[in-house]
Amino acid sequence: MIMRRAFTTCFFSNTLLRFPIHATTNTITTIPLLRLHSLSQYHTCPNPNHIPNHLSEFEQLLLEKSRVGFDKLDDALRVFDKMLRKKPLPSVIDFTQLLAALVKMKHYSAAVSVFSKMCSFNIAVDIVTYSTVINCCCHLKRVDYAFALLAAIFKRGFVPNVVTYTTLLRGLISQDKFLEAELLFKNLLKHNQVEPNAVIFNTIINGQCKTGNTSQAMMLLRYMEKKGCMPNVVNYSTIIDSLSKDRLVDDALGLLGEMSDRGIQPNVVTYSSLIQGLCNLNRWDDITQLLKDMNRHKISPGKHTYSILVDAHARDGKVRDAEYLIELMIRRGQNPDVVTYSALMDGYCLRGELDKASVVLRTMRNKGISPDAHTYSIFINGFCKKTKVDTAIHLLEEMTLKGLTPTVEAYNTILDGLFRTLRLDEAHKFYKKMLNKGVKLNVVTCGILLHGLCWNGLVGEAMSMFHKMESCGFVPNIQICNILIHGLFKDGKVDEARNLFQNILLKGLRPSVITYNSMIQGFCQEGLLDEAYKILLEMEEHNCLPTEATYNILIRGCFKNKMYDGGCLFIDDMVAHGFKADASTASIVFDLLQLKEQDPALLALQKKFMP
DNA sequence: CTAGGGTTAG
Numbered sequence: 001m002i003m004r005r006a007f008t009t010c011f012f013s014n015t016l017l018r019f020p021i022h023a024t025t026n027t028i029t030t031i032p033l034l035r036l037h038s039l040s041q042y043h044t045c046p047n048p049n050h051i052p053n054h055l056s057e058f059e060q061l062l063l064e065k066s067r068v069g070f071d072k073l074d075d076a077l078r079v080f081d082k083m084l085r086k087k088p089l090p091s092v093i094d095f096t097q098l099l100a101a102l103v104k105m106k107h108y109s110a111a112v113s114v115f116s117k118m119c120s121f122n123i124a125v126d127i128v129t130y131s132t133v134i135n136c137c138c139h140l141k142r143v144d145y146a147f148a149l150l151a152a153i154f155k156r157g158f159v160p161n162v163v164t165y166t167t168l169l170r171g172l173i174s175q176d177k178f179l180e181a182e183l184l185f186k187n188l189l190k191h192n193q194v195e196p197n198a199v200i201f202n203t204i205i206n207g208q209c210k211t212g213n214t215s216q217a218m219m220l221l222r223y224m225e226k227k228g229c230m231p232n233v234v235n236y237s238t239i240i241d242s243l244s245k246d247r248l249v250d251d252a253l254g255l256l257g258e259m260s261d262r263g264i265q266p267n268v269v270t271y272s273s274l275i276q277g278l279c280n281l282n283r284w285d286d287i288t289q290l291l292k293d294m295n296r297h298k299i300s301p302g303k304h305t306y307s308i309l310v311d312a313h314a315r316d317g318k319v320r321d322a323e324y325l326i327e328l329m330i331r332r333g334q335n336p337d338v339v340t341y342s343a344l345m346d347g348y349c350l351r352g353e354l355d356k357a358s359v360v361l362r363t364m365r366n367k368g369i370s371p372d373a374h375t376y377s378i379f380i381n382g383f384c385k386k387t388k389v390d391t392a393i394h395l396l397e398e399m400t401l402k403g404l405t406p407t408v409e410a411y412n413t414i415l416d417g418l419f420r421t422l423r424l425d426e427a428h429k430f431y432k433k434m435l436n437k438g439v440k441l442n443v444v445t446c447g448i449l450l451h452g453l454c455w456n457g458l459v460g461e462a463m464s465m466f467h468k469m470e471s472c473g474f475v476p477n478i479q480i481c482n483i484l485i486h487g488l489f490k491d492g493k494v495d496e497a498r499n500l501f502q503n504i505l506l507k508g509l510r511p512s513v514i515t516y517n518s519m520i521q522g523f524c525q526e527g528l529l530d531e532a533y534k535i536l537l538e539m540e541e542h543n544c545l546p547t548e549a550t551y552n553i554l555i556r557g558c559f560k561n562k563m564y565d566g567g568c569l570f571i572d573d574m575v576a577h578g579f580k581a582d583a584s585t586a587s588i589v590f591d592l593l594q595l596k597e598q599d600p601a602l603l604a605l606q607k608k609f610m611p
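The UniProt record's numbering puts the first sequence at residues 1 to 611.
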């Protein structure tokens, strides 16, 4: 949940990790110079009619997919050529529609080329054309070019409209420049440069949600209303989705109620977001209720909704139910897509049933659906779980070779797999490869590195890496601290662990129950029972309730340090809370009972366990 | 003719 946040995926600094902000090789500076007929170079890909037998299923499917895409591009370009020869020339609107068609096919660089050719032919363009091309630049991750076009708009005396600015804001946000976007937006409002509507507000609301500031997004929702811009179903749905992802589903349901009070009809997206949130909390009864509500409002679940449900069941191990849901959606006229099938494959992979996942892959292929980068990630994860890291690496290479960009998740999974199989050297090399490829590292990568180093007895390295990351502006989350605390205690570095723990609050983080448990376990191991006990008091003070694990750790700690009275007290406490001894604690207790020591506390314990 | 919300990893 935290991982999806753009700003926690931030910045190990460039200096430390030599992490390129963006590959400078992929500029579009050259695109305006590209002559249109040279676009036929796109056809130099292997002839799909000559697919060699040794290609994998993944590879064959990719070739087919690309063939379809390129044919359409070719059509569009032929139309453009025809338009250029027409006399009189078609209107700006016709040309802009052609650009829109290219955008729809995601051929952004081709669209930019067409635009530059239009300019060189002195075809009149308008603000709409400019906005379209700005959108293309943003998709090509060249926000700098987008702003250069904005300058051109001013220079030619056009006036940017709300669409132009919305596109630019989205471009900034997609490049993790949310603060810049927010600043631009504020200035636009301050100087009345734009009449804000629900869409431009939603762009900022969405940015706030994606950077973990759902409450600010909520405030902006109230603000737009105050400014006389009525929030619509999209504004509400954006926030409802974010709340659901923050596990605040009840707040999200509250907003749903507010919508109906105001006569704003929720749609399938609104409901899907809520269902997703409820799935994460396993609130199946509420899900059933929402599905009934949808039915009552004549909103039928879409492909997306079914995918969410398939995913939830599959992750919960209920692959049979997930299979049934897919049958059901087909019966109801919704065609499962690559996401739906991938969710099912994920379910099988998580159960270690890779053969069954492969069967699903074949089913999907037979329906003409190609695996995507996420499908690969799922199999990579499956193989890593089975410690078949080499196969996973092979898959990664295969997808790269075939033009699919592996996600950071795929890289992370393999990096973790290498550490877990104690292939330290290779992990190091692989990490370097990630940096070279310009993979956008995130907080998970950081956790894997630190955990991997600690696990392999290199706590010192982990700590110095952590400090360097921090000094470069990396903001750790509580899981990162937990990894380090665990590692420090494992290496007997009690003072450093204590120090890190005390700094957690200063970093603006809240210790989790795992943090407290790790501290208690660490102190127990070192025989510092009173410090362990202080942590227990501290966690209660901070409204972090001890779990079964907390008691087990404390009880084991007491007995290992021959503090039988204390151990018995904690057993009473644990029982009073309805918790049970785990296998490890139980075995210690039974071992103790075997001893003939006539310790009074042990006798009492004996009575408790053998009435 | 142009812009907005819902699916993935430790």
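A virtual CB, placed ideally from N, CA and C, is assigned to each residue, including glycine.
Helix, strand or coil for residue i per DSSP?
i, result
"N482", "helix"
"A314", "helix"
"S91", "coil"
"E353", "coil"
"P600", "helix"
"Q97", "helix"
"R423", "coil"
"V439", "coil"
"G579", "Correcting the residue identity first, residue 579 is Phe in this sequence and not Gly. Of the three classes helix, strand and coil, the one that applies to F579 here is coil, per DSSP."
"I123", "coil"
"H428", "helix"
"R85", "helix"
"S471", "helix"
"Q265", "coil"
Just to check my reading of the structure: residue i and residue j have Cβ atoms closer than 8 Å, yes? What is that Cβ distance to the nearest angstrom?
i, j, result
"I205", "T238", "5 Å"
"L256", "P266", "6 Å"
"N412", "V444", "5 Å"
"G527", "N561", "5 Å"
"M105", "K72", "6 Å"
"V125", "V159", "Going by Cβ atoms, the distance from V125 to V159 rounds to 14 Å, so no, they are not a contact pair."
"Q276", "Y306", "Wrong, their Cβ atoms sit about 12 Å apart, outside the cutoff."
"C524", "G566", "Between G566 and C524 the Cβ distance is about 11 Å, and since that is not below 8 Å, they are no contact."
"I369", "Y324", "Wrong, their Cβ atoms sit about 19 Å apart, outside the cutoff."
"L274", "L290", "6 Å"
"T164", "Y130", "7 Å"
"V79", "L102", "No, V79 and L102 are not in contact; Cβ-Cβ is about 10 Å, not under 8 Å."
"S201", "L220", "Note on identity: in this sequence residue 201 is Phe, with Ser being the wrong assignment. Confirmed, about 7 Å."
To the nearest angstrom, how far is it from the Cα of residue i to the Cα of residue j?
i, j, result
"G403", "D81", "29 Å"
"F501", "L450", "16 Å"
"Q479", "V513", "11 Å"
"T387", "F430", "16 Å"
"C349", "G382", "5 Å"
"Q193", "K227", "15 Å"
"K318", "L253", "26 Å"
"G492", "N366", "57 Å"
"E258", "M218", "13 Å"
"L602", "L592", "8 Å"
"V143", "A110", "17 Å"
"M224", "T585", "57 Å"
"residue 625", "L536", "No answer is possible for residue 625: the residues shown for the chain start at 1 and end at 611."
"L184", "T515", "40 Å"
"G473", "L505", "17 Å"
"F570", "S242", "40 Å"
"P231", "R283", "29 Å"
"A583", "I448", "29 Å"
"I28", "N213", "Confidence at I28 is low in this model, with a pLDDT of 27, below 50, so its placement is unreliable and the value that follows should be read with caution. So the two alpha carbons sit approximately 34 Å from each other."
"Y236", "D176", "23 Å"
"F379", "H486", "30 Å"
"C137", "G171", "8 Å"
"L435", "D425", "16 Å"
Check whether the stretch 180-193 touches the stretch 148-157, counting contact only when three or more Cβ pairs, one atom from each stretch, lie closer than 8 Å.
-> no
Three or more beta-carbon pairs under 8 Å between the stretch 405-422 and the stretch 430-441, yes or no?
-> Segments in contact, yes.
Minimum length 3: unbroken beta strand (DSSP E) runs contained in the stretch 271-336 = The qualifying runs do not exist here; there are none.
Between the stretch 357-364 and the stretch 390-403, are three or more C-beta pairs nearer than 8 Å?
-> no
4-residue-minimum alpha helix (DSSP H) runs that sit fully inside the UniProt repeat "PPR" (512-546), ordered along the chain = Correct list: 513-525, 529-541.
If you scan the UniProt repeat "PPR" (372-406) from start to end, which runs of the alpha helix (DSSP H) of 4 or more residues do you find wholly inside it?
-> 373-385, 389-401
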